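Order-wise, the sequence lines are chains A and B. Note that full-length UniProt numbering has the first sequence beginning at 1, numbered continuously upward. Note that full-length UniProt numbering has the second sequence beginning at 1, numbered continuously upward. All residues carry an ideal CB built from backbone N, CA and C; glycine is no exception. Predicted model, so just to flag it, every value in this text is computed and none were measured.
Protein chains: 2
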Amino acid sequence: MKLNIVLADDHQMFRHALRALLEKEPHLNIVAEAADGEALLRIIGEQAVDIVCIDIGMPGMNGIEATRRLLALRPEIRVIGLSAYSDRQFVIDLLNAGALGYVTKAEASEELLRAIHHVQQGRTYLCPDVSGAVASALRFDTDLRASSHTLTARERQVLQLIAEGHTSARIAERLHIAASTVEVHRRNIMRKLGLHNVVELTRYAIHSGISPVVDDGA
Amino acid sequence: MKLNIVLADDHQMFRHALRALLEKEPHLNIVAEAADGEALLRIIGEQAVDIVCIDIGMPGMNGIEATRRLLALRPEIRVIGLSAYSDRQFVIDLLNAGALGYVTKAEASEELLRAIHHVQQGRTYLCPDVSGAVASALRFDTDLRASSHTLTARERQVLQLIAEGHTSARIAERLHIAASTVEVHRRNIMRKLGLHNVVELTRYAIHSGISPVVDDGA
DNA sequence: TTCGGCATACCGGTTTACCGGTAGTTCGCG
DNA sequence: CGCGAACTACCGGTAAACCGGTATGCCGAA
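Shown next as structure tokens:
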């Protein structure tokens, strides 16, 4: 029986290339690709999916948020996070969202195949450099889950859009809420994190992995 | 006769995937991969290479600098820039460095094949979204080749302070100049780079290395 | 020497961010 | 049930950013 896999990444070229690579494995079946979180949620609502490989650094709904919503709809799906970065907080957040695997793009593609093999059996898999980072962090912080910020899902969503350079008005349109509400969210975020302007919010979002370092378009 | 191609990207997974994809083309021969500029220069000194696909956003020696040095050693090699973003300045700089092609990762992989086909014949190829960005820039700036988008030393200094979260007033104090002058600098920076708010300035400063993202030991 | 680039500085105006409140709804939990 | 958390929404006000323009002195290149 073949494994049905969905690839989610904002770079079409990376998706195509990864598809070409995974299709060399006879037991894998790439059933769909998604360029963003919204497309991904549509896809998993339409067809049978076993494993989702999802990029963390996607514009709009990011990979962590998408994972959260995806698993709320289909808890049986195994999620593997793909990322360019190995930030500690980043990994923790994704695992808390319910993902089973985490592999950085700097690793060899064999690591992804290994992750697929592990999560298929319900086991967790972290690629070497990530598991090392998490392990070293555990030595200093006994309870990573409860520590750090505690932004709500909505707040993370707003923060990401702020860090992408959108004004409150545009964010409000995007989320179908009032601009005043967006400003309340921003103020709550700033209060929780002890930050005082959008530059600091942007830096926090980038460093924490909520927003990728670079985004496309001009 | 097969085309000898080298792939340069800091993400091993992307290189492997791209190799799998390009190897489906019978006339292409992937002879080597490089994770950074130094490795790339070593490779082209050791074997026959026709085309190099190089990522712009590599740590250490970036793609533009690597292209410059590569073509100084082997001017006959055709270089195609691969990038996650379509920033105008990067396109201009890369073309000035001597590259013939520029394709963003957000584009389909067919765009890369098209670029390979074009540069093989010595022709320039820019993928649609990039050529659009360059064309729109041409309307406002008659001479892009002269790299008029280069920031002055003072502008870089101001940009760094902006990206650290300081207001114009504070920056003015720090530099012992008037706040109005700081604002002129900021506007000139934004005009040169095609950016429109401090969030975009912050992101630019971070990914261009003007302002570092402090990594807490990960 | 004329020209352009750079840094300096100010004017006026619009938009957005930032800060302080208040307050309604929903939803889950003890 | 009552309570708190989260999300929603508005009010008023100040500060800062953003967008035009104009202008001066300096310096190096054509």
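Cβ neighbours of B:T202 within its own chain (closer than 6 Å, five residues either side excluded): A163. Under the three-state reduction of DSSP, B:G81 is assigned to strand. For A:V158, the uninterrupted alpha helix (DSSP H) segment begins and ends at A153 to A163. Residue environment for A:H176: exposed (fewer than 16 other C-beta atoms within 10 angstroms of its C-beta).
When the beta-carbon positions are compared, B:A108 and A:Q12 come within less than 7 Å of each other.
Listed along chain B are M13, each with a C-beta nearer than 8 Å to that of A:L112. Contact holds between the region 4-22 of chain A and the region 10-24 of chain B, because three or more Cβ pairs, one in each stretch, are under 8 Å apart. Of the candidates B:I77, B:T150, B:A72 and B:T104, B:T104 places its Cα closest to the Cα of B:D55. Around A:L195, the same chain offers L201 and Y204 as residues with beta carbons nearer than 7 Å, after the five sequence neighbours per side are excluded.
Taking C-beta separations shorter than 6 Å and ignoring five residues to either side along the sequence, the partners of B:E155 in its chain run H185 and I189, following chain order. The beta-bridge partner set that DSSP reports for A:A32 consists of A:V6. Within the same chain, K2 and L3 come within 7 Å of B:H27 by CB-CB distance, once the 5 residues on both sides are set aside.
Against chain A, the CB of B:G81 has no partner CB under 7 Å away; the residue lies outside that interface.
Take B:S168, set aside five residues on each side of it, and the residues of its chain with a beta-carbon closer than 6 Å to its own are A179, V182 and E183, in chain order. Look at the UniProt domain "HTH luxR-type" (144-209) of chain B: the residues with a C-beta under 9 Å from a C-beta of chain A are I162, A163, E164, G165, H166, T167, G194, L195, H196, N197, V198, V199, E200, L201, T202, R203, I206 and H207.
Under the 7 Å criterion on CB atoms, B:S131 is classed as non-interfacial with respect to chain A.
Closest in alpha carbon position to B:A48, among B:T124, B:E38, B:A32 and B:V199, is B:A32.
Membership of A:G57 in any beta strand (DSSP E) is not indicated, and neither H nor E is assigned to it by DSSP.
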